[in-house]
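Comments concern the structure below.
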Amino acid sequence: MMEAIVQLYQKFLSLYDIRILKVTFDIIKILVITFIGIKIGDMLISRFYKLHRKAKIQLPERKIGTLISLTKNILRYVIYFIAAASILKIFNIEMTSILAVAGIGSLAIGFGAQNLVKDVISGFFIIFEDQFSVGDYVTINGISGTVEEIGLRITKIRGFSDGLHIIPNGEIKMVSNLTKDSMMAVVNIGFPLEEDVDKIIDGLQQICDDIKNSRDDLIEGPSILGITDMQDSKLLITLYAKTQPMQKWAVERDIRYRVKKMFDEKNISFPYPRTNIILTNKN
Amino acid sequence: MMEAIVQLYQKFLSLYDIRILKVTFDIIKILVITFIGIKIGDMLISRFYKLHRKAKIQLPERKIGTLISLTKNILRYVIYFIAAASILKIFNIEMTSILAVAGIGSLAIGFGAQNLVKDVISGFFIIFEDQFSVGDYVTINGISGTVEEIGLRITKIRGFSDGLHIIPNGEIKMVSNLTKDSMMAVVNIGFPLEEDVDKIIDGLQQICDDIKNSRDDLIEGPSILGITDMQDSKLLITLYAKTQPMQKWAVERDIRYRVKKMFDEKNISFPYPRTNIILTNKN
Amino acid sequence: MMEAIVQLYQKFLSLYDIRILKVTFDIIKILVITFIGIKIGDMLISRFYKLHRKAKIQLPERKIGTLISLTKNILRYVIYFIAAASILKIFNIEMTSILAVAGIGSLAIGFGAQNLVKDVISGFFIIFEDQFSVGDYVTINGISGTVEEIGLRITKIRGFSDGLHIIPNGEIKMVSNLTKDSMMAVVNIGFPLEEDVDKIIDGLQQICDDIKNSRDDLIEGPSILGITDMQDSKLLITLYAKTQPMQKWAVERDIRYRVKKMFDEKNISFPYPRTNIILTNKN
Amino acid sequence: MMEAIVQLYQKFLSLYDIRILKVTFDIIKILVITFIGIKIGDMLISRFYKLHRKAKIQLPERKIGTLISLTKNILRYVIYFIAAASILKIFNIEMTSILAVAGIGSLAIGFGAQNLVKDVISGFFIIFEDQFSVGDYVTINGISGTVEEIGLRITKIRGFSDGLHIIPNGEIKMVSNLTKDSMMAVVNIGFPLEEDVDKIIDGLQQICDDIKNSRDDLIEGPSILGITDMQDSKLLITLYAKTQPMQKWAVERDIRYRVKKMFDEKNISFPYPRTNIILTNKN
Amino acid sequence: MMEAIVQLYQKFLSLYDIRILKVTFDIIKILVITFIGIKIGDMLISRFYKLHRKAKIQLPERKIGTLISLTKNILRYVIYFIAAASILKIFNIEMTSILAVAGIGSLAIGFGAQNLVKDVISGFFIIFEDQFSVGDYVTINGISGTVEEIGLRITKIRGFSDGLHIIPNGEIKMVSNLTKDSMMAVVNIGFPLEEDVDKIIDGLQQICDDIKNSRDDLIEGPSILGITDMQDSKLLITLYAKTQPMQKWAVERDIRYRVKKMFDEKNISFPYPRTNIILTNKN
Amino acid sequence: MMEAIVQLYQKFLSLYDIRILKVTFDIIKILVITFIGIKIGDMLISRFYKLHRKAKIQLPERKIGTLISLTKNILRYVIYFIAAASILKIFNIEMTSILAVAGIGSLAIGFGAQNLVKDVISGFFIIFEDQFSVGDYVTINGISGTVEEIGLRITKIRGFSDGLHIIPNGEIKMVSNLTKDSMMAVVNIGFPLEEDVDKIIDGLQQICDDIKNSRDDLIEGPSILGITDMQDSKLLITLYAKTQPMQKWAVERDIRYRVKKMFDEKNISFPYPRTNIILTNKN
Amino acid sequence: MMEAIVQLYQKFLSLYDIRILKVTFDIIKILVITFIGIKIGDMLISRFYKLHRKAKIQLPERKIGTLISLTKNILRYVIYFIAAASILKIFNIEMTSILAVAGIGSLAIGFGAQNLVKDVISGFFIIFEDQFSVGDYVTINGISGTVEEIGLRITKIRGFSDGLHIIPNGEIKMVSNLTKDSMMAVVNIGFPLEEDVDKIIDGLQQICDDIKNSRDDLIEGPSILGITDMQDSKLLITLYAKTQPMQKWAVERDIRYRVKKMFDEKNISFPYPRTNIILTNKN
């Protein structure tokens, strides 16, 4: 093995002697071809999907984004793999001798690479089982955001204010997809225990009716679920509504605004925490 | 191995030369057949289960949903597997040469794929042992919702407001099935320590009787369990009732509404947190 | 390997051609036999245990429930395994060819299936070591409930209000069995620091005596353990009693009810949190 | 392999034909022998240890409990193992054919069974290194209680009120043995910052002396450790005493009772949380 | 093997005898060559990238930093590897004999080295997939900071006040890249429930307009998102703005300053926690 | 394999027939020799170390405790191992046949025993690298106490009040050794924000000087570190001192006692939590 | 294998017969040589580095500490390894026979030793990549302190008051190095919401200027970052400064002292938590 390394060393030196220019030229050639290959590939893919739009049998719009990002991703992996093999060829370093050096490390490589395989298998099933598409709003491992790219190895999710999350597919334990067709807006509102519960429910019903009339991004108008919790110093009443995708938050903010107005108009006392004080003076 | 890659490369290039149209056509043909195969398969399965409904020996309704989702799921995996094999065949890339390239990676694949195997084995036993059916309300890994689909590899659970959860079967450590025949409604109500406990129990008994008479989704009418906890500033009294599946929450909300009314009518003071203040003026 | 898949494909197609009816018929035949086999097996098992009850040497009642659930469980696994093998036989797909396809995946299967083996081994020891029986009240991995079924692979536990928990035996790290012969009822009661501790202990002793006389589900009458904790604003005094299985909670509720009464009668002030306020006016 | 299964199937059926009675009889015979073997073994073991008590060279009493539970445990494993092998023999199912079926699963069995091996190895060292004996009070993985049984695979710990904990030995990461010869009673008592610290220490010293005189389960009389913590609104003073095994809690309760009395007698104000309020009226 | 060690021992001693000076000289020679090699390599790399800046086709500025740090990193690993092999050669210790000594340990090495392989594979994909570049602001495993170096095995991140974090690439489970083109500034402001919500929104709108006019590091001017939460004693209103990279915090501080001014000017009461006190005098 | 078991069974029976007495006698003989061997070994080891004390070249006292406990521990393992092998020899059960039975389980044993190997390797390095000695005060995995015994497989740590902790060496992830030559006493003291900080620092300096003069277990007299934290309602000032081993707590208690006295003398108000109350009467 | 053990046993006994003195003498000889070898090696290393200080080309001072600790560490491992091999040689126990005994355990050893390999690999990279040097202040796995020794297997970190932490290198997941050239001092100061923010900022600016003039351990003088958080009852304003290594805390304490003075001088009210109380009398 020592000889193999020495041989590598001599090759390495000889490269620097004469052939260095040729090799550099060859590598640049491959890199340029790779670069052009990707550009052309991307272009062809985009063009293909544009053509598709004129076709009679249409894929759902939602799937096309996923397919474009995926085919480009696969193309890139294939081209890079060929380029890497070609460059190694130029250096005339036989794979086998590298493997001989690695030899003892093959177990380590096997263990170390398992995450890579896990990522690709998971990625394959995410796409195959259509767990989510580009544009969906999902929650993965406690991170929420809009899916921006689905690849074989990683998924990219754009959060509202916490940047672009890049998650290896193998790390995805559970996906919660919040946008298949509709989203659910839910607002929990606290009321003091001493208020008249029927007056409050009447007021909330009025709000539900108003919202149903004034908004057009609702699929099923807001309804009152009832007293969903009774705590030490307040009642929780829950309103819910089925909305268009991504409209959940706007509806929730609208409900909150109107509830705040109702507190003012109907003179309902605010649900501040209450405490019963028993005084013992000790002067 | 280097030659294998170069061969791949040349094949790859040659594909782009002439045969590219034929190959594309072949692939599309397979995809179309696959697509049609699935559609027909799904139709046949649905029709079969419709036919079954006229049969004399009936499977329980609850199992049919599970069986439909499962047979479709298996059909899909089989057809896709055949399609993938056929497409690889078109490219004339022998599996064996790929495996030769993989070679060193077989250990990695073995480790990486273990999750896939784990998922399928777990999925098989979930179905085989009838842990839950489509339509059941379950809690899995802290996520609650209605089972929407049981597959060999994943289970889909629809939450009330947090979207569709997609859980790989191998990640399911413990299943809590809340709807086998009945659900249990439980409401804990706090009362101030200084109130008359017998008056409260009388009032709660009255509520139990009223609910038993007015609702028809109860299997075993609400009962008082007694003082289930005695905290620093309140007693906890628990009511419980066995209800029809999915009626648990409606019953609980009903109980809470009536208890709130009882507080008002019977003039029971609210269980606000109490504090005993000892004052020391320091002017 | 490619040929094996193509062969599978052709077989698959040929099945749809002519033999499809025969195959379907065969499968249904096997399913029916399986179904009947299980019914008869279940019946035989039940009958056997009924017969046993007339026998002279009696197994303890508590073990019979476990044995019935277990033998039915094993029977089922055996019959299903034979049925599955028979169906595969009909399709004439030799196991060996499947294994050849699997081939590379055998490592993955080995890793993936380890949980299954772990479950069965754990299950075997749970039964063998008599860790718990059907009907016992146990706590496993933070879940409490009554054991409803002990199988080779899973254990089913019925919670009071959180449904039926299905736990793979391999996930059971520690079992806490609360009902072997007796249960321990324990109530911690808080008293304000400024109260007379002897008066309180007298009152609690009175309660202990009353309960001992009035209840018949006690094995060792309630006793006072003494001041088990002294916190910033209260003393904790603990009562405990050994009760019949499953009577723990009833006894605890009874104690709490009587203690609340004692607070009222003896005019003991309630253990509300106390705070010493030092006032600094700043007008 | 298929033939092996079919063979199994035919054997299975043939068993039901004629030999079923003979087989059943054989099994029952083995079970009875096993049952008797265990009874006799248990008896012999108990008798042996009784004999031992008359011997001149005595093992410490504390070890005998452990040895009895251990030898019975090992006997049981050996007898059951022989019985299981005999029953399999009756069915004439050669182990090897089962292993052939298992074949592919041997890796899975290896992985799955590692917990079993881990348990036995851990159990062996717990006994060999005398980490704890039957009757000791230990804390293992957050669970405290008295050791009731030490086996090769599991350890049983009886908690005060939370039942019998059954812990596989391999899950025992750290053992805290609280009773080797003595236990340490420790009570932390809070005093308000504004009290005279010397007066308090005098009072506590008085309590220490009283306890030393009145109790006989102390090895080293209670002492004052000093101000072990100074918090925002109180001082913590710690008393400690070395007691006989299992007397720790009784001594602690005694100390608490006497400290409460001291608060009353010496007119020390209670360590209620204190807050300094700065008032800003806004009328 | 014993002989191999003894041989090593004798060699070791002989080294100290005569050849020690020569060996030391050889090692120093190699170290000096290595040192010079790295210096020259670093210089060549820097020069190459400087040359590149005059080239017509420009790589994006953002990528050049990453490429420089990466090529230097790879160069260093290659040179050190050759140097280490050469030094071992001097000692004339054949690799094979070392491996023979290791022998039994090869499994251990395989397992132990898997992290190294995992790190390099992860590092390769971080660079290949362009997850982040030198200069980006990222969050990795709960640590936030500016990327200072991306290597094959480790990534260095400079935190604002908590020093330089060095993370092995294999430990990177999820990357959140906060600076791709823009950052999102988000400020949540609490208002008391009893205030007039429209007056507040007007004031905040005024602030948004002012900021938009006075700052030039904004991509999309600050906007009001609405009432994003309604808590027991306050409303939360959220302002957000898309800013230039790294300007997020300056914009947020500016918004906070102006909101504080608005509280003063518009006489809005501060969102102190509110509590409703019910007094019971007990004199 | 079946025959091997049957053979075992017959041997087992035959043992009970005639040779049982001889075997029992042989085993007892071995046990007695083992017992005596350990006693003599322990005695020789103790004597050797006593002899050592008269030797001229002395090992540090601190190491001798560790060496005694270690050599006794190794002796014990060696003797037990030989005894176990001899007993197995008596039963004439060849190891190889046991291994044949184990056969399939060798993988399981390999996995299961890895913890044992890990423990011994870790133990070896703890001793070899002198991480701690018998008598040191250490913190391991959140448990603090004085090291009582260091063995090859386990370490025993005596806590102040929580008994004797027995930790397998392989579970030791990080050791914090608090007594190498000295310990550091640290006391954080809170002062109200409104007090005069210079007056406080003067008082604390006085305390530091007093302690330096009155105690002789200090290596570096107590010093004031300054304002180490500024919280909402108090300043934290930290005193620290380097003390003799195990004197840390005594010094800290002394400092606390004197600080409490200073509060009284200098009339500094106590650092009770402060709250600014804004009152809104609503009568 | 049995014979091997018996052989071991006989050898063991024979050792005790005659050769015991010779063997003991040989071992002591080796131990003494080892001891002297280490002493001389340590001396040579120290001398070499002293010589180096007179050399023209100087290594940075910071690296020398690391190199000394490292070379001593490697020397020690090498010498101990040779000594251990020599002692085994004396006993004439061939390694191979030990390995034969181990045999079945080789898998266990492989798994058990992986941590050791992991530690050495990690240690190698920590040194190679210059993650930290002796004397740096680092945070590793939540433990902060000054690096005292970097070894191949373990790293020693001296905490301020929590002793010497000994961390196996393989347990180091992320290193945060706080002292490369400079440290960052950061102080967050809370101010009541109702105070004039401009007056506060002026005061803080004054403090920044004063500190810049009076201290010489600052690299970049303290600056005001602005309002970094706005909480319910206070504003947070942050000051920061770049300081000499290890001067971070002194600067922070200085800032806090001056801010406290500013509160007094400028009559700014303290940031006590504020609460808005709404009173409801119930007499």
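Protein chains in written order, with the UniProt record's numbering: chain A, 1 to 283; chain B, 1 to 283; chain C, 1 to 283; chain D, 1 to 283; chain E, 1 to 283; chain F, 1 to 283; chain G, 1 to 283. Note that the Cβ used here is the ideal one computed from N, Cα and C, for glycine as well.
Just the chain A side, please: which residues come within less than 9 Å of residue i by C-beta, in chain order?
i               : result
serine 233/E    : Phe270, Pro271, Tyr272, Pro273
threonine 280/E : Asn276, Ile277, Ile278, Leu279
According to DSSP, what are the bridge partners of residue i?
i                : result
asparagine 115/E : DSSP lists no partner for asparagine 115/E.
glutamate 149/F  : Lys156/F
isoleucine 79/F  : None; isoleucine 79/F has no bridge partner.
tyrosine 240/C   : Val186/C, Ser223/C
So which residues of chain A does residue i contact, with C-beta pairs closer than 7 Å?
i                   : result
phenylalanine 125/E : Arg153
glycine 190/B       : Asp232
Can you list, in chain order, the residues of its chain whose CB lies under 6 Å from that of residue i, leaving out five sequence neighbours each side?
i                : result
glutamate 94/C   : Caution applies to glutamate 94/C, whose pLDDT of 45 falls short of 50 and renders its modelled position unreliable; the model cannot decide the point.
serine 182/C     : Ile219, Lys242
isoleucine 189/G : Ile237, Val259
proline 222/D    : Cys208, Ile211, Leu239, Ala241
methionine 262/A : Gly203
At a CB-CB cut-off below 9 Å, which residues of chain B make contact with residue i?
i             : result
leucine 240/A : Note that residue 240/A is tyrosine in the sequence shown here, rather than leucine. Phe160, Ser161, listed in chain order.
In chain E, which residues lie with their C-beta within 8 Å of the C-beta of residue i?
i               : result
tyrosine 257/A  : Val197, Gly226, Ile227
glutamate 194/G : Phe270
Excluding five sequence neighbours on each side, which residues of the same chain lie with their C-beta closer than 7 Å to the C-beta of residue i?
i             : result
glycine 103/G : Residue confidence is low: glycine 103/G scores 45 on pLDDT, short of 50, so the model does not pin down where it sits. Its coordinate-derived value is still stated next. Correct list: empty, nothing qualifies.
residue 289/A : Nothing can be reported for residue 289/A, as the shown portion of chain A is limited to 1 through 283.
valine 175/C  : Gln131, Phe132, Val138, Ile140
Short of 8 Å in beta carbon distance, which residues of its chain neighbour residue i, apart from the five on each side in sequence? Order them along the chain.
i               : result
glutamate 148/E : Val134, Lys156, Ile157, Arg158, Leu164
tyrosine 77/D   : Leu152
Please compile the residues from chain C whose C-beta is within a distance smaller than 7 Å of the C-beta of residue i.
i            : result
valine 186/B : Ser161
Using a C-beta to C-beta distance shorter than 8 Å, which residues of chain F count as neighbours of residue i?
i              : result
arginine 253/G : Leu225, Gly226, Ile227, Thr228
Which bits of chain E does residue i rub up against, with CB to CB less than 7 Å?
i               : result
glutamine 131/G : Ile166
Give the residues of chain F in contact with residue i, contact being defined as C-beta atoms less than 7 Å apart.
i            : result
lysine 180/G : The premise fails here: lysine 180/G is roughly 24 Å from chain F at the closest Cβ pair, so nothing lies under 7 Å.
Could you check if residue i belongs to the surroundings of the ligand ATP, using beta carbon to heavy atom distance under 7 Å?
i            : result
valine 138/B : Annotation note on the ligand ATP: not contained in the displayed structure, which lists no ligands.
Exercise for the section: Kindly provide the ranges of any beta strand (DSSP E) runs that are 3 or more residues long and lie completely inside the region 167 to 226 of chain B, ordered along the chain. Expected result: 175 to 177, 183 to 192
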